[in-house]
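Chains A and B, in that order, are what the protein sequence lines are. Each residue of the first sequence is one higher than the one before, counting from 432 in the numbering used here. Each residue of the second sequence is one higher than the one before, counting from 47 in the numbering used here. All residues carry an ideal CB built from backbone N, CA and C; glycine is no exception. Quick notes on the structure that follows.
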Amino acid sequence: MFNYFSDFDRTLQAFDELLHRLGPPVVRGERPTSWPRITVHDAGERLAVTAEIPGVAAADLDIEIDKGTLTVRGKRERTVLEGYSVHRQERPSLSFSRSIALPSEVDPDRVKATLKDGVLRIALDKAPTAKPRRIAIKNG
Amino acid sequence: MATDKNLVKKTNAHLAQTIDDRPALSPAVDIYENQDEYLLIADLPAVTSDNVKLHLDGELLTLRASRADEVDYRRSFYLPDGVDFQRSRADLKDGVLSISLPKSTAAKPRRIQVRAG
């Protein structure tokens, strides 16, 4: 069976091994650059956006809606560990800003955002005109 | 002495895991060392502490975690000699797992008393 993840994993591993063979002891920056991972889910009446941002504090986050675009900005800084030597640093330490074109119009006054277990969840109510409507069928 | 090679070496055993298990994501990790311990830090967003498993098989440490949305994380590491796994501690906060792997005192040099015969 074709398996996307294991194929991808194997490629990453091969890359990993190559890097290791060539390698300086500290390996950096082998992760995808589009951080954080963001998912947009259309749940009919509302949109649910999740961003995986482990280790980011709520105080370091900024969420903005401008017309049909949702922007999430934030930063994650690496804790400097005194007296430790580094074997490997893959976890990105960065400032990020990601903008998403929302698939439908939303009510900017009815947006809720929560941060838990390193996941930012944003619930956006669709504008009344964008909500799905049931069409009644008349007897002919 | 522990080297970077010991900590990040991967073998075919790692590949075999993708066959017997569900597909899993490989979490990003940082690995640090000082004179007392190794410190492994992994990004595990959406994971709660009751869904993390650490398993030691010989010198192969495997980290497994699962999320409510059926996404799995999995990654294995070869531990260098002289890690006291029994004393290891793990702490999960805001989707970041920190594992402290203390170096065993037995691995440090000891003085042997010589008794008079």
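Open item on the list: Going by C-alpha to C-alpha distance, which of B:Thr-94, B:Leu-147, B:Ala-88, B:Ser-146 sits closest to B:Arg-120?
Closed with: B:Ala-88
TODO: Name the two residues that bound the continuous beta strand (DSSP E) containing B:Tyr-119.
DONE: 118-124
Task: Helix, strand or coil at A:Val-457 [DSSP, three-state] - done: For A:Val-457, the predicted structure reports a pLDDT of 47, less than 50, and the residue's modelled location is therefore unreliable. The matter cannot be settled from this model.
TODO: Thinking B:Glu-83 and B:Lys-149 are a contact (beta carbons under 8 Å), I'd like their distance in whole angstroms, please.
DONE: 6 Å
- [ ] Put A:Thr-500 into one of helix, strand or coil per three-state DSSP.
- [x] strand
Open item on the list: Check whether the stretch 476-496 of chain A and the stretch 542-553 of chain A touch, using three or more Cβ-Cβ pairs below 8 Å as the test.
Closed with: yes
Task: Residue of A:Ala-474, A:Trp-466, A:Glu-508, A:Ala-445 minimising C-alpha distance to A:Asp-556 - done: A:Ala-474
- [ ] Mind checking which residues open and close the beta strand (DSSP E) that includes A:Ala-482?
- [x] 477-483
Task: Neighbour list for A:Ser-516 in chain B, Cβ cutoff strictly below 9 Å - done: Tyr-78, Glu-79, Asn-80
- [ ] May I ask which residues mark the beginning and end of the beta strand (DSSP E) holding B:Ile-158?
- [x] It is not in any beta strand (DSSP E) - B:Ile-158 carries neither H nor E in the DSSP assignment.
TODO: Going by DSSP, name the residue or residues bridged to B:Ile-168.
DONE: In the structure as shown, chain B begins at 47 and stops at 163. Residue 168 of chain B is therefore absent and cannot be evaluated.
Open item on the list: Could you tell me the alpha carbon to alpha carbon distance between B:Ala-136 and A:Ser-535, rounded to whole angstroms?
Closed with: 42 Å
Task: Contact list for the stretch 127-152 of chain B against chain A, Cβ threshold 7 Å - done: Asp-140, Gly-141, Val-142
TODO: Just the C-alpha distance for A:Glu-513 and B:Leu-143, rounded to the nearest angstrom, thanks.
DONE: 19 Å
Task: B:Ser-72: contacting residues in chain A (beta-carbon distance under 8 Å) - done: Asp-440, Leu-443
TODO: Put A:Ala-554 into one of helix, strand or coil per three-state DSSP.
DONE: strand
Open item on the list: Relative to the C-alpha of B:Pro-91, which candidate in B:Asn-80, B:Leu-102, B:Pro-73 has its C-alpha closest?
Closed with: B:Pro-73
- [ ] Give the secondary structure of A:Arg-529 by DSSP, where H, G and I count as helix, E and B as strand, and everything else as coil.
- [x] strand
Open item on the list: With a threshold of 7 Å on Cβ separation, who are the neighbours of A:Glu-483 within its own chain once the five nearest residues in sequence on each side are excluded?
Closed with: Pro-467, Arg-468, Gly-549, Val-550
Open item on the list: Would B:Val-75 pass as an interface residue toward chain A - the criterion being a Cβ-Cβ separation below 7 Å?
Closed with: yes
Task: CB of B:Ile-77 within 7 Å of CB of A:Arg-522, strictly - done: no
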